[in-house]
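A short write-up of the structure that comes next.
There are 2 protein chains.
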Amino acid sequence: MQPRVIQRILGLLLMVFSFTMLPPAGVGWFYGDIGVRPFINGFLVTLGTGLLLWWPARHNRRELKLRDGFLVAVSFWVVLGLFGAIPLALAVHPHLSITDAVFESVSGLTTTGATVIVGLDRLPKSILFYRQELEWLGGMGIIVLAVAVLPMLGVGGMQLYRAETPGPIKDAKLTPRIAETAKALWYIYLGLTVACAVAYWLSGMDPFDAISYSFATVSIGGFAPHDASMGYFDSPLIESVAIVFMLLAGANFGLHFYAIRRRSLRPYLEDSEFRTYATVLALLAVIVVGYLYLNRYFGSFGEDFRQGLFQAVSIGTTTGFTTTSYHHWPGFLPALLIFASFIGGCAGSTGGGIKVVRFLLLIKQGLRELHRLIHPNAEFAVKIGRRPVDDRILDAVWGFFAAYVATFSLIMLALMATGLNQITAFSAVAACMNNLGPGLGAVGDNYAHINPVAKWLLCFAMLFGRLEVFTPLVLFTPGFWRR
Amino acid sequence: MQPRVIQRILGLLLMVFSFTMLPPAGVGWFYGDIGVRPFINGFLVTLGTGLLLWWPARHNRRELKLRDGFLVAVSFWVVLGLFGAIPLALAVHPHLSITDAVFESVSGLTTTGATVIVGLDRLPKSILFYRQELEWLGGMGIIVLAVAVLPMLGVGGMQLYRAETPGPIKDAKLTPRIAETAKALWYIYLGLTVACAVAYWLSGMDPFDAISYSFATVSIGGFAPHDASMGYFDSPLIESVAIVFMLLAGANFGLHFYAIRRRSLRPYLEDSEFRTYATVLALLAVIVVGYLYLNRYFGSFGEDFRQGLFQAVSIGTTTGFTTTSYHHWPGFLPALLIFASFIGGCAGSTGGGIKVVRFLLLIKQGLRELHRLIHPNAEFAVKIGRRPVDDRILDAVWGFFAAYVATFSLIMLALMATGLNQITAFSAVAACMNNLGPGLGAVGDNYAHINPVAKWLLCFAMLFGRLEVFTPLVLFTPGFWRR
Ligand SMILES: [K+]
Ligand SMILES: [K+]
């Protein structure tokens, strides 16, 4: 542990982050909002705190060690989540409690997109823009986390993506790798955002909405500047654009990188995670559309298809945009969609959930166990593509799954102890841990009316989900703090 | 695969099983019931079918191979479940559909104890006795399955209990071991039943109830000859007796064996599974009693303690006796109790659920993954007691857990597709897969009023839970049927 180095980094982080409160202030000034001041104050407080942290530690330029990585990753979301809440807490309209401000901020930065605000359409543009921006920044953080940090830390089997460095590496130096990998992928992230915004604009959104929705789409965040979410436009064209960019944003950004460099679609077709991702979403869409049609829910196949496909992709990728109140859909559809969000996006994307590659590994391992029962003496290697996967990685994936289920169950029970009913508690934890957003029951439309303790618990759920459970859990082990 | 040998065994099994329909007929005759005939007819049909199966294959006396073990284990519960339903389907009172008769029979033989019958107090004694007897017989089957069959088959890591035979064994011959181990443990099972019946009788039950309840207690079944279950007696003494015998029946029968042979309680104290079992149940009881007391649910601590302790042990061991409508208890208590039933009884007991030893291994493996993140190069062995556990067993336990969760989710979604609401579907699958019995929502009191498709799905859930998921799953793999 190198507390001074971490202090220096957090200070820098806050100073950089403080500047993200200026664009919303600019938006507010441009639209003549009443709400510019909270952002200026938020900027000053965050910048000042960052400066105070950074100044005394500014000469501690040693490189990060493995353990520091865990602390920095968790601090990133916790500290920014708290400071990001400042403008929301200071704003007069909406009038949010500290709890609500933190919930909204954490929800944005973790790209969950669960909101406690009702009446978005009447809010100042500055606030609306800030919420979208938080998601977009959170998405940038996730790209680094998923592609550069977690593989180095070995969390939940993600050393799978560290295949070029053979074997577990001793206290690897994180900094150069983060910078180099992150830069390439951020360009892709930025490019996707621009392309998405332009496409939305060409499809009929005004520039403000086009930028706002593109932030929430590419980050798989799902915040919207309108209460009706994507349903506000009632436009099949806009929904089609959203589907395409949600699918792209839910895929491994490393694949986009290779596809661009090689100018070929083959990296997608050759990647077994991507194939599984496409298969799962297609299957989900078929079931949802079919069930809606059999129940004649919207009255025409066209409408069943349109709504079913959009919701399947939006929930399946854990984006969480809605075009309709899917939590009122008949039978098992709401529960099915919530279950699908557990699979979530691909590793190395901004999507949430358990991640497709882990889901794939769990299935392959399950099949291996079945084979082993029939052939107790044979050896079966679990493979991804043509490469056998190391036992250590498989252990980590099993462990991740069990820890995910355990965390889910405990938070669900705790929510029920605060008075939430079972459906609300179940869907709220799922929607928050999977960084999905909209739930069922009392949190079907928003999270405004649940009790404050439940909101704090759900902040934990969002952070645990986003940080892949083990990253924050490690901090709770005594061994982590021992020399 | 040796179809003729399996046919011979199933024939023998049915012939033996047919005789279990005579005691209920005797009970009916003794009490002057109207319902003797269905049992006589059931006896004749079952005996006849058994004879027809056995006769042409009677010379195929070869020993069972590994794969045959899976088929025999599954057939045992499926075939006996179907034939066991005959007297229930033939009876005039209660008037059950085929679906209901099979559900009740499977529920008995898997020691689930979920019932579709309302108005037990008005039923003929023969039917009541038969239901209890089915559970008791099911319990005998489970002892063999858990102690002799599953360890040999290696299902779900249960080769843990095959420690004395080093390494995976090649097509082990099952027969001699089953007979030898089963005999010793059946004596214990029988002894526990007699002791339990006598204790119930001395505590104030009439002889019929004493025997009936002892059958359901020692088998962790939970059927009762009264609608009010254990609450019929409203007797703290009887409930105390029940608690003691539920605790004993939920422990590994191998421990009882060693304790009796050594005339010492040390085998219990030295067994880490038993210690975890006791800890989990104690913790559960403390939370339940404490929460009831804080909510002043029964108005006095004495009553909160009595009801809370009984329900914690009854649900925690997966027995499923009730003294009160626990599904109406406040807040998270009903969900907590259902979650606790997932942990279930000890391996080698008649209890259901995932089993305490697997739960313990999952926790230890989770902790190992945490340690590995901090110390990527160190080697940690997961140990039970002082013995390190083989990686192959750990894989099997992870796999078991994932398969359990997957099966649970799929059946839950399927139930919701048949029209059950989420709470009912969730608790019904949990209560059936964990072989617990009573659920929440529409299945809080009984399973009479859900649709037939749901009942069949729940029969599957009971069988999958009882056969530890992998045993029936193996039969669905093409590899199993290939030479
Ligand atoms: K989201
Ligand atoms: K039971």
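Sequence lines, in order, name chains A and B.
Under the numbering used here, the first residue of the first sequence carries the number -8, and numbering increases by one thereafter.
Under the numbering used here, the first residue of the second sequence carries the number -8, and numbering increases by one thereafter.
In this text, a Cβ means the ideal position worked out from N, Cα and C, and glycines have one as well.
All values reported here derive from a predicted model rather than from experimental measurement.
With hydrogens ignored, establish whether the beta-carbon of residue i is closer than 6 angstroms to any heavy atom of ligand 1.
i, result
"A/N437", "no"
"A/T103", "yes"
Run through DSSP, which three-state label would residue i get?
i, result
"A/K161", "Note that A/K161 scores a pLDDT of 33, beneath 50, so its modelled location is shaky and nothing firm can be said."
"A/A154", "Note on A/A154: pLDDT 40, under 50, position unreliable in the model; no value is reported."
"A/D197", "coil"
"A/N286", "coil"
"A/V146", "helix"
"B/D112", "helix"
"A/Y395", "helix"
"B/L228", "helix"
"B/S255", "coil"
"A/K56", "coil"
"A/C337", "coil"
"B/H319", "helix"
"B/P429", "coil"
"A/E370", "coil"
"A/D386", "helix"
"A/Q356", "helix"
"B/P(-6)", "helix"
"B/E459", "coil"
"A/R122", "helix"
Quick check: the Cα distance between residue i and residue j, rounded to an integer number of angstroms?
i, j, result
"B/I25", "B/I89", "20 angstroms"
"B/G41", "A/F461", "55 angstroms"
"A/G470", "B/I365", "8 angstroms"
"B/H217", "B/S340", "25 angstroms"
"A/L449", "A/L136", "21 angstroms"
"A/R58", "A/L466", "9 angstroms"
"B/L1", "B/E360", "45 angstroms"
"A/G17", "A/G129", "20 angstroms"
"A/L44", "A/R(-1)", "6 angstroms"
"A/H319", "B/D262", "50 angstroms"
"A/M12", "A/G311", "25 angstroms"
For residue i, decide whether its Cβ has a neighbour in chain B, counting only Cβ atoms nearer than 7 angstroms.
i, result
"A/W389", "yes"
"A/T398", "no"
"A/M407", "yes"
"A/A369", "no"
"A/F296", "no"
"A/E124", "no"
"A/I384", "no"
"A/I25", "no"
"A/F476", "Outside the shown range of chain A, which is -8 to 474, sits residue 476 of chain A, and nothing can be said about it."
"A/E360", "yes"
"A/L285", "no"
"A/V323", "Checking the displayed sequence, the identity of residue 323 of chain A turns out to be Phe instead of Val. Yes, A/F323 lies at the interface with chain B (some Cβ there is under 7 angstroms from its Cβ)."
"A/A394", "yes"
With DSSP as the reference, please indicate the residues paired to residue i in a beta bridge.
i, result
"A/I375", "A/R378"
For ligand 2, I want to know if residue i counts as a neighbour, meaning its beta carbon is within less than 6 angstroms of at least one of the ligand's heavy atoms.
i, result
"B/L57", "no"
"B/T310", "yes"
"B/N426", "yes"
"B/G129", "no"
"B/G213", "yes"
Counting only C-beta atoms, is residue i closer than 7 angstroms to chain A at any point?
i, result
"B/V465", "yes"
"B/T468", "yes"
"B/F67", "no"
"B/G2", "no"
"B/A303", "no"
"B/A445", "no"
"B/G357", "yes"
"B/G344", "no"
"B/F312", "no"
"B/L404", "yes"
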